[in-house]
Amino acid sequence: MQVECKLFGPFRDDAGVEDVGGEYDPGTTVGEVLRELEAEYPSLAGRIVDEEAGETEGATVVTINEKNVKHLDGLETELGEGDTVRIVPSVYGG
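For the sequence shown, the tail end lands on 958 under this note's numbering, and the numbers increase by one without skipping.
Okay, here's the thing in structure tokens:
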């Protein structure tokens, strides 16, 4: 199945790409895709997935088709054909 990842802000700048597409097996989770992305782009390593907590990094928002993965099944959320994963830095104001 085809899945597209879109990187925003410093993630895009550090990886040097904005869109990354890939072919994945059915049942692939968003966590697997994010870990693969971190491995492919070392500048992103440890900035998207918090392995210790088993969730996305606190300052990172990951969505699947514009739904925050924290409101789904987290990193265990299974992806489907044509899904779009967006990786966006959180914005804090004060």
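Ideal Cβ positions, reconstructed from N, Cα and C, are used throughout, including at glycine.
Spatially closest choice to Ile912 from Tyr905, Lys931, Thr920, by CA coordinates: As a first step, residue 912 is located in the sequence shown; it is residue number 48 there, counting from the start. Closest by alpha carbon: Thr920.
Close beta carbons around Asp947, own chain, < 7 Å, minus the five adjacent residues each side: The sequence position of residue 947 within the sequence shown is 83, counting from 1. Cβ within range, chain order: Val867, Ile928, Asn929.
Separation of Leu939 from Arg876, as counted between CA atoms: The count along the sequence shown starts at 1 and reaches residue 876 at position 12. The count along the sequence shown starts at 1 and reaches residue 939 at position 75. Between Arg876 and Leu939, the C-alpha separation is close to 21 Å.
Gly886 versus Pro953, Gly944, Val955, residue with shortest Cα-Cα distance: Numbered from 1 along the sequence shown, position 22 holds the residue referred to as residue 886. Measuring from the Cα of Gly886, the nearest candidate turns out to be Gly944.
Cβ neighbours of Val952 in the same chain (closer than 6 Å, five flanking residues each side left out): The residue you call residue 952 lines up with position 88 of the sequence shown. Correct list, in chain order: Phe872, Val925.
Presumed contact (8 Å Cβ cut-off) between Val897 and Tyr888, rounded CB distance: Reading the sequence shown from its first residue, position 33 is the one you call residue 897. Reading the sequence shown from its first residue, position 24 is the one you call residue 888. Between Tyr888 and Val897 the Cβ distance is about 7 Å, and since that is below 8 Å, they are a contact.
Straight-line gap, Gly918 to Glu942 (C-alpha atoms, nearest Å): Position 54 of the sequence shown holds residue 918. Position 78 of the sequence shown holds residue 942. So the two alpha carbons sit approximately 15 Å from each other.
Simplified DSSP assignment, three categories, for Pro953: Translated into positions along the sequence shown, residue 953 becomes position 89. Pro953 falls in the strand class under three-state DSSP.
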